[in-house]
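Trainee: One structure, pasted below without further comment.
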Amino acid sequence: MWERMLGTVIGAIISLIFSHFFPSQTAQLIIMLVANSLTYATTKYTITAIYITCSSLAMNMLIQGADDTLFLYRILYTVAGILVAVLASFLIFPTRNKDELHNLLGNLLEIDQMILQQVHNIALGKQNIRLDRDLILTSYLISGKIQAHRQAASS
3 MWERMLGTVI GAIISLIFSH FFPSQTAQLI IMLVANSLTY ATTKYTITAI
53 YITCSSLAMN MLIQGADDTL FLYRILYTVA GILVAVLASF LIFPTRNKDE
103 LHNLLGNLLE IDQMILQQVH NIALGKQNIR LDRDLILTSY LISGKIQAHR
153 QAASS
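The structure is reproduced here in structure tokens:
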């Protein structure tokens, strides 16, 4: 969320500067095309938000003409959207990261216990050497989800 707000503010400032130095429709079209192209050249969300903001504001200037309030509206709408999203996540859709993490850990322990039982059976000669691939894959996927939850909780 904060990356989007920061990217929008920076993008609006850059667009405002560009609109003053390059006010022609041709220049705005070029800014829009370059920003659209650069949107896919980064993996950082803040940078992507900057490019998207530059592109959308250039497109709006092509349609409506240069208007400094356009930049302010873009920032205000983004901040309002972030506030609505934050309120909705706390009031309407509260995340229960701790509960989800607890369930995932319980599932992982059960699957790991089944894998250990298979390894034990293989060691005793009661089972072929082949382990159940589905158990290993599920264990791997759950471990990835647990790691994602831990990263989300730490940020």
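When you read off a place in the sequence shown, starting at 1, and then add 2, the result is the number in our numbering. The C-beta atom is built at its ideal place from N, Cα and C for all residues, glycine as well. This one's a predicted model, so the numbers in the text were calculated from it and none came from an experiment.
(1) Does the beta carbon of ARG135 fall short of 7 Å from some heavy atom of the ligand PLP?
(2) If you follow the alpha helix (DSSP H) that ILE94 is in, where does it begin and where does it stop?
(3) Give me the Cβ distance between GLY83 and ILE49, rounded to the nearest whole Å; I'm assuming they're in contact under 8 Å.
(4) Taking the alpha carbon of GLY13 as the point to measure from, which residue in GLN129, ALA60 and LEU31 has its own alpha carbon closest?
(5) Could you tell me the distance, in whole angstroms, from the CA atom of MET63 to the CA atom of VAL11?
(6) With GLN27 as the anchor, note down where its alpha helix (DSSP H) starts and where it stops.
(7) Between the segment 71-82 and the segment 112-122, do three or more beta carbon pairs fall short of 8 Å?
(8) Could you check where the alpha helix (DSSP H) with THR55 kicks off and where it finishes?
Mentor: Well, looking at it:
(1) Summarising the ligand content, the structure contains no ligands, and the ligand PLP is consequently not present.
(2) As a first step, residue 94 is located in the sequence shown; it is residue number 92 there, counting from the start. That residue, ILE94, is in no alpha helix (DSSP H); it is neither H nor E in DSSP.
(3) Position 81 of the sequence shown, counting from 1, holds the residue named residue 83. Position 47 of the sequence shown, counting from 1, holds the residue named residue 49. Wrong, their Cβ atoms sit about 19 Å apart, outside the cutoff.
(4) As a first step, residue 13 is located in the sequence shown; it is residue number 11 there, counting from the start. Checking every option, the nearest Cα to that of GLY13 belongs to ALA60.
(5) Counting from 1 along the sequence shown, the entry for residue 63 is found at position 61. Counting from 1 along the sequence shown, the entry for residue 11 is found at position 9. Here the alpha carbon of MET63 sits roughly 17 Å from the alpha carbon of VAL11.
(6) One-based indexing of the sequence shown puts residue 27 at position 25. GLN27 -> alpha helix (DSSP H) spans 27-41.
(7) The segment 71-82 makes no contact with the segment 112-122, as fewer than three CB pairs between them are under 8 Å.
(8) As a position in the sequence shown, residue 55 is number 53, starting the count at 1. Counting along the chain, the unbroken alpha helix (DSSP H) around THR55 starts and ends at 47-66.
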